[in-house]
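Numbering (the numbering used here), first residue to last: 0 to 325.
Shown next, in the form of structure tokens:
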């Protein structure tokens, strides 16, 4: 009705002196002629167009993995009567082309020549021309299962400045089962690396990781979560007083040190900062520098939990008693 009113409005502009009743009759005649023209045109045999013919695939999803979406249709150039082409726009009248994919993934493509007979059957009553693409490719692989170890991707561990890992990384469970494309699973080399979901690590880690959030397209993972645990602590710098061991000094006390305490500097994890550590520092009179009466102290033993050890003081001064005259 709305279209009819629009046509009447156009006719009123063309013939403003025409009576309204006559305009309505003219509009109806115009519409009838247009419909008749369409019906007549549809009877002709020389219509041409390109149509999309849908594809469907027959395969065992438990045995095949599809990496890229399978092509959904092919383009087909057809010609024939208008009514035959109009029917292609009715979904229930359009047949699908079925393609079988074997379980061993040996079929990686199908050519237009292979499916041409099915296309002609699906488009019966029409003349089929060129089919594109000429080759329909399938990115598929055989589906397998494999048990692999779980590991932590070291690149994903962002330690805060001054922090360090002090233990092995433990995963619970320590192995998972992955299912998916054979090539992708075999490329995992027996270990499945997970990313730590923490921006910055500033202490011990004991967290669950959801494996479904990993970038693992086409893979099914069992179980879907693992827990990782490892020890992290801050390294701090400590200045520690040590009583130096005096060696080979004259027994009569003619040579001596004013202060036998020196400071040793080292790095240690923060939780062990308060420990009393068995450092040993010696001052050997046999190493006396006669030019300035100094001795360079020597670190004799270093506890295994420390690093970057060095003496805070340099050479120590040796003092001598003055000899009595007479």
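Idealized CB from N, CA, C, for every residue including glycine.
On a predicted model such as this, the values are computed, not experimentally measured, just so you know.
Does the beta-carbon of residue 142 have 16 or more other beta-carbons within 10 angstroms, so that it is buried, or is it exposed?
So residue 142 counts as buried.
Count the other C-beta atoms from every protein chain shown that fall within 10 angstroms of the C-beta of residue 296, then say buried if there are 16 or more, exposed otherwise.
Per the 10 Å Cβ criterion, buried.
Buried or exposed for residue 365, please, with buried defined as at least 16 other CB atoms from any protein chain shown within 10 angstroms of its CB.
Not covered by the structure: residue 365. The range shown for the chain is 0 to 325.
Name the DSSP beta bridge partners of residue 365, please?
Since the first residue of the chain shown is 0 and the last is 325, residue 365 is not available in this structure.
Going by Cα to Cα distance, which pick from 300, 225, 251 and 278 is closest to residue 174?
When only C-alpha atoms are compared, the closest one is 225.
Could you tell me the alpha carbon to alpha carbon distance between residue 283 and residue 160, rounded to whole angstroms?
If you take the alpha carbons of residue 283 and residue 160, they lie about 40 Å apart.
From what residue to what residue does the beta strand (DSSP E) around residue 186 run?
Taken as a continuous stretch (DSSP letters only), residue 186 belongs to no beta strand (DSSP E), as it is neither H nor E.
In its own chain, which residues sit with a C-beta less than 6 Å from the C-beta of residue 211, not counting the 5 before and 5 after it?
Counting only Cβ-Cβ distances below 6 Å, and skipping sequence neighbours, we find 223.
Decide if the segment 112 to 125 is in contact with the segment 59 to 72; the criterion is three or more beta carbon pairs, one per stretch, under 8 Å apart.
Judged by Cβ distances under 8 Å, the segment 112 to 125 makes no contact with the segment 59 to 72, as fewer than three pairs qualify.
Give the DSSP bridge partners of residue 151, in chain order.
Paired residue(s): 193.
If you reduce the DSSP assignment to three classes, tell me which class residue 305 lands in.
Three-state result, residue 305: coil.
Using the C-alpha atoms, what's the distance from residue 187 back to residue 146?
Using only the alpha carbons, I get a separation of about 11 Å.
Helix, strand or coil for residue 103, going by three-state DSSP, please let me know.
Looking at residue 103 - three-state DSSP - the assignment turns out to be coil, as it is neither helix nor strand.
Got a sec: is the Cβ-Cβ distance from residue 155 to anything in chain C below 8 Å?
No chain C appears in the structure shown, which is made up of a single protein chain.
Which whole-angstrom value describes the C-beta separation of residue 122 and residue 78, a residue pair presumed to lie in contact below a C-beta threshold of 8 Å?
Actually they are not in contact, since the Cβ atoms of residue 122 and residue 78 sit about 10 Å apart, beyond 8 Å.
Among residues of its own chain, excluding the 5 on either side of residue 208, which ones have a beta-carbon nearer than 8 Å to its beta-carbon?
Cβ neighbours of residue 208 beyond the five flanking positions: 193, 194, 195, 196, 224, 225, 226 and 227.
Three-state secondary structure (DSSP) at residue 209?
In the structure shown, residue 209 sits in a strand (DSSP, three-state: E or B).
So which of 165, 95 and 66 has the shortest CA-CA distance to residue 326?
Shown here, the chain extends from 0 to 325; a query on residue 326 therefore has no answer.
If you drop the 5 nearest sequence neighbours on each side, which residues of the same chain put their C-beta closer than 6 Å to that of residue 278?
Closer than 6 Å at the Cβ level, and outside the excluded window around residue 278, lie 241 and 263.
What is the DSSP secondary structure of residue 257, reduced to helix, strand or coil?
Reduced to three states, the DSSP call for residue 257 is coil.
According to DSSP, simplified to helix, strand and coil, what is residue 285?
Residue 285: helix per DSSP, three-state reduction.
Ends of the alpha helix (DSSP H) at residue 314?
Looking at the DSSP string, residue 314 is not in any alpha helix (DSSP H), and its letter there is neither H nor E.
Please name the residue, chosen from 68, 97 and 103, that lies closest to residue 61 on a Cα-to-Cα basis.
It is 103.
Could you pull out every residue in the same chain whose Cβ sits closer than 6 Å to the Cβ of residue 233, ignoring the five residues on either side in sequence?
Within the same chain, residue 233 has close Cβ partners 161, 162 and 269.
Out of curiosity, what's the CA-to-CA distance linking residue 273 and residue 189?
Spanning the two alpha carbons is a distance of roughly 43 Å.
If you draw a straight line from the alpha carbon of residue 127 to that of residue 53, how long is it in whole angstroms?
Between residue 127 and residue 53, the C-alpha separation is close to 15 Å.
Checking the sheet assignment: what are the DSSP bridge partners for residue 298?
Note: residue 298 sits in a beta bridge opposite 280.
Looking at the structure shown, is residue 167 part of a helix, part of a strand, or coil, going by DSSP?
Reduced to three states, the DSSP call for residue 167 is coil.
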